[in-house]
Structure formats: C-alpha cells, structure tokens
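Worksheet: one structure, shown below.
Numbering (the working numbering), first residue to last: 29 to 600.
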C-alpha cells in the first residue's frame, strides 16, 4: 500500500414532516435536493452501515501469515534469478520487467493451489477495471501490466481496507491520497472512487519511477515509501531491488510485493495455461454522470434512474454516508449508461417523506442510561419518555425503543401536488453556533417547550452535536403544497406548531429565495417566499414598498412572519 418551559406533555403528538423536491426545468441547472440535516447527521440513521457501502478487509490480508512463512523458506533472494521463463509464459509479451526466481515461482505455485479460488475471483473482477486502468497507464506512458498492481493490493475491490488503514483499489493511505488530490472527508473518500484513485495511482507510480528509474524499485517504493527504498540503496550501495532484498533491511511484507506482482502478471495475462479456465469476467466499468444537489440519497438516485439501489451504490462507492456531500453545492453521481435523460426528467418529480422509526436496544448487564444515550446520541429525557420510564433504573434483558429519522422516496405523477406524510417526532442535531432560541424560531415553538421536552437545565445548556427531540403539534393529518417550477428547494421542511397558522409549512434554513410571477389584465402580482432572517421591513425595502402595504395585501395582523410563507407583492 502507498505510505504517505412550563408546558407539560401528556401524550405524543402527530407531526407532519417532509421534503418536497422540485426544480427548474432547465437541464443545465443544478438541482438542489436537500434532506433534513438531522436525518443525515444521526448516527442511527446513517447509511454508513449499509452492507453495500461498508469497507471490507482486503483479500491479501487473509493470506499474509501464510505467504510470509512460504517466503521465509524460499531461500536467498537472488539479484537476477533464473533467466528463463516457465515454458507456458515464454510466448506472452510483457511490458513490466519479468524475473523468475525462487520467490516468483513460490507465488506461481501458491496462486495455483492454496489461493486458487481467490485468484480466480480476482481474475473475474479484473474485467471490470483492467480496460480503464490500462487506458490511464498507456496515456501516461507507463507499463500497462502495472494494472495488476491493484490485484495484489485489493483483489480489485473498491471498498477494500487493510490493517494499516489503506483503502481502495490501490490501497492508498490517507496522507498519500490527499497528496495526490484525492478528497477524503466525512462524506467522501475518493480512494474508493475507481477512476479518480486510478489517476492518483498512475501519478504516484510516475513519480516513483522518475526517482528510481527502475520499476521493481518503484513498485517496492509504492509499498514501503520512496524514502525507505532510497535510504536502503545508499546504505548497502546497491542499485536494484533484488540486491537490496538480500539484506534484512526491508520487511518481508515489502519484499514479497515485487515477486507477488510478477507472478500475478504472468498468470493473469494467460490464465488458461495455469489452470484458470471458464473465468466469467465482469463487464467493463461504464457510467455517465448526473449532477445533483447536496444530501441526496443514493436510494433516491436509483428511483429517478428506474433501477435498483444496489447498482447505484456500486457505482458510487466513494459516498461514505450513502448520500451526496452536504458541504458542496452539487455533486456528479455516477449512473448506468443510458439513464441520464430519464433521470433528469424524473428529478423534479422526486418526493421525500421524512419519518421517525424505532430501533430496539436489548439492555445488557452493565448498561446505564448514560451509556445508551451516548451510543445513540439521544438525551435521557427523550429516552425515558419514549419508553414510558419513570426512573433511570434498567433491567438486563428488557427492550428499549430508540428513535431515528428515516426517509423514503417516490416519484409524483406529472403535474401533481406534493403530499406530506405524518410523523410522530422530529430529531434535531444541534449544529455549531445554534442556540435554543434559534432552533425554537426555526420550528416556531417556544424555547421553554424545547427545554421541557428534552429535560434541559436551561436554554443555555446545549452543545453542538447534541440531539433534541421535538414534539410539534399539527392540526392537519396531511398538508398539500402546490408544485411550482419556480420553487426553491429548502434545506429542511417541518410542520408549524398549532397556532393560527397551523396549515402553513415552515421552511427552515432556506438556502436562497425564489419569486413566482402571475399576470392579470389589471395588475401584476409577485409572490415572495420568506427566507430565514427576513423581516417585513427588509422585504418592503427590497421591493421599494412600505410595511403597511405588505400587511394590507397579505392580511397580516402583526409584523411577524415565518420562513417559508409566501407574500403577495404588487407593482404600484
């Protein structure tokens, strides 16, 4: 691998909480589809536990001990080795320098015996990646046989990881990956992106060859680091890998790297001659991209593409949470060939229904309320209320209900209205800089209510990352909001509390605003959608109006307005 308040709650209330997804019809416009931040941040709901996205142990890790024992019995590492290739390899051409010695022969034997099943699997997977690898290597002027380096590194598995924390097809360490422009953060790990990681590997190998002028040394440097190899050459006054390998300077794990690659190349280029018959090679990796906004689930991408989630997740292995990054305005997801036009047409019709689900936690001996709350990022008051508990005493073997946010997706009929499903709780994860007052304002509830719901000592005793449970009353079971091609997608949609405006939808943390115009014979009317931070005075000033006019046209009894409502603006 490369180194480098006073309100009481008697019952739980139904809440309406959803996300309507709509966009402009222009195909060149980035479509911003947001999920609630709390849904994404919740460790319970994270798709990082999805088996299609989990990291798996690299295949070579399973055979490490076996291989080291084999090599320790192989004898001296000869500088040149035997000059002759095995008979079955003589008619094959190579562009990587092939040497045959005891260590290479040992790997040829083990690949055809103890590791034959795994090697066959690697060969089948190779069909997916080799064409792309060879293209990148060829364009960079490097030996195309280096494509098989990914075979011994990861077994051609994008989600492979090692005990040394190397990840991906090319087993990049985090530092080296970042050095070669791979993005690695809480949302994305491009070491798991087939094409981007390959470009990085090609660049790294190019640099190593430029330093050593020898491909055996370059490959050894890919594993051990260029500095390690360079110091060894100077210490022992040698100029090739095999001479350096005769000394005890390099770990056997590094020494095995070169003969293992050579043996893999020899067999992979003519597998039938080595007993690998009827190999069912996977189809070459092909895809096109679809530009979407932040926080879009891969399950939703599958729906707009009319395909299954498994295919989409296989194409987007780098998305650690199963959603597009929240810290970027757009992201190009990979979708199957021939699906782009359909997906672009379906995106404006995509609808997300946010709901609360419950997991079961079996209380174990030694469990405490604090430990359980910390594990699931939930406060004690919420956990006690949901489970109808009057004390924090726990009994081993009993079950606890743990709430988590989830979402399901569907395509609305063309020209239809978006309907919002009911829920029973909203989980809000506090972000840096947020206060109870700000959160209360966003959800249109009194700050003291949030304090009571969550058993807080005061409105000031909160911290970033802490999860709050919000029980918001809404009088209507279902709310309908007209679909509009001019509507801007919000980052979070929640139902307002039960007041005179209970039929309204509160749009919290609006990223931008939109204006929809309607024209009649007598006047021209503009509808303005209120954003977070807006005041009636600010809006009036923006349109060169008075607050009195705005209040009159919109039948407002006070200056108080909520994010998400639409105000009628008339040209005067």
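A virtual CB, placed ideally from N, CA and C, is assigned to each residue, including glycine.
Q) Can you tell which of 147, 133, 122, 128 has the C-alpha that lies nearest to the C-alpha of residue 90? A) 147
Q | Best match in 589, 596, 217 for proximity to residue 554 [C-alpha to C-alpha] | A | When C-alpha distances from residue 554 are compared across 589, 596, 217, the shortest belongs to 596.
Q: Determine the DSSP secondary structure at residue 123, reduced to helix, strand or coil.
A: coil
Q: Taking 7 angstroms as the cut-off, decide whether the C-beta atoms of residue 86 and residue 190 are in contact.
A: Going by C-beta atoms, residue 86 is nearer than 7 angstroms to residue 190.
Q: Starting from residue 595, trace the beta strand (DSSP E) both ways and give me its first and last residue.
A: 594 to 598
Q: For residue 208, name the three-state secondary structure that DSSP assigns.
A: coil
Q: Check residue 85 in the structure and name its three-state DSSP category.
A: strand
**Q.** Three-way DSSP call (helix, strand, coil) for residue 488 in this model
**A.** coil
Q: Tell me whether residue 497 sits in a helix, a strand or coil according to DSSP, three-state version.
A: strand
Q | Reduced DSSP category for residue 434 - H, G, I as helix; E, B as strand; rest coil | A | strand
Q) Is residue 580 buried or exposed, if buried means 16 or more other CB atoms sit within 10 Å of its CB? A) Answer is exposed; the Cβ neighbour count stays below 16.
Q. Any idea which residues DSSP pairs residue 305 with across the strands?
A. For residue 305, which the question treats as bridged, DSSP gives no partner whatsoever.
Q. Which ranges would you report for the beta strand (DSSP E) in the segment 185 to 272 if only whole runs of at least 3 residues count?
A. Scanning the segment 185 to 272 for uninterrupted beta strand (DSSP E) segments of 3 residues or longer gives nothing; none is fully contained.
(Q) Using only the alpha-carbon positions, how far apart do residue 171 and residue 266 sit? (A) 24 angstroms
Q. Based on the DSSP secondary-structure assignment, which residues constitute the bridge partners of residue 279?
A. The partner list for residue 279 (beta bridge, DSSP) is empty, contrary to what the question assumes.
Q) So what does DSSP say about residue 155, is it helix, strand or coil? A) In the structure shown, residue 155 sits in a helix (DSSP, three-state: H, G or I).
**Q.** Other residues of its chain near residue 574: CB distance less than 8 angstroms, five sequence neighbours each side excluded
**A.** 568
Q. Any idea what DSSP makes of residue 418, helix, strand or coil?
A. coil
(Q) Given a cut-off of 7 angstroms on the beta-carbon distance, is the pair residue 315 and residue 362 in contact? (A) Their beta carbons are under 7 angstroms apart, which means residue 315 touches residue 362 by this criterion.
Q. Can the beta-carbon of residue 332 be found less than 7 angstroms from the beta-carbon of residue 272?
A. no
Q. For residue 555, which of helix, strand or coil comes out of DSSP?
A. Strand.
(Q) To the nearest angstrom, how far is the alpha carbon of residue 217 from that of residue 259? (A) 32 angstroms
Q) If you draw a straight line from the alpha carbon of residue 466 to that of residue 404, how long is it in whole angstroms? A) Between the C-alpha atoms of residue 466 and residue 404 there is a straight-line separation of about 24 angstroms.
Q | Rounded straight-line distance, which links the Cα of residue 152 to that of residue 308 | A | About 6 angstroms.
Q) Does the Cβ of residue 199 lie closer than 6 angstroms to at least one heavy atom of the ligand HEM? A) The ligand HEM is not part of this structure, which contains no ligands at all.
Q. So does the segment 224 to 234 actually touch the segment 181 to 199, counting three or more Cβ pairs closer than 8 angstroms?
A. yes
Q: State whether the segment 321 to 329 contacts the segment 355 to 375, with contact taken as three or more CB pairs (one from each stretch) at a distance under 8 angstroms.
A: yes
Q: Would you kindly work out how many angstroms separate the C-alpha atoms of residue 56 and residue 321, rounded to a whole number?
A: In this prediction, residue 56 scores a pLDDT of 34, lower than 50, which makes its location untrustworthy; the coordinate-derived value is nonetheless stated afterwards. When rounded, the distance between both Cα atoms is 13 angstroms.
Q: Go ahead and label residue 100 buried or exposed: buried means 16 or more other beta carbons lie within 10 angstroms of its beta carbon, across all protein chains shown.
A: exposed
Q | Cα-Cα separation between residue 95 and residue 495, rounded to whole angstroms | A | 49 angstroms
Q.
Check for me: the beta strand (DSSP E) holding residue 91 runs from which residue to which?
A. Element bounds for residue 91: n/a, residue is neither H nor E.
Q.
I'd like the ranges of any alpha helix (DSSP H) spanning at least 4 consecutive residues and lying wholly in the segment 302 to 352.
A. Listed in chain order, they are 326 to 332, 337 to 343.
Q | Nearest-angstrom Cα separation, counted from residue 84 out to residue 442 | A | 42 angstroms
Q) Whose C-beta lies closer than 8 angstroms to the C-beta of residue 355 among residues of the same chain, with five residues either side of it excluded? A) 213, 215, 322.
Q. Quick one, which of 475, 471, 458 has its alpha-carbon nearest residue 590's?
A. 471
Q.
Does residue 82 pass the burial test, meaning 16 or more other C-beta atoms within 10 Å, or should it be called exposed?
A. With fewer than 16 other Cβ atoms from the protein chains shown falling within 10 Å of its own Cβ, residue 82 counts as exposed.
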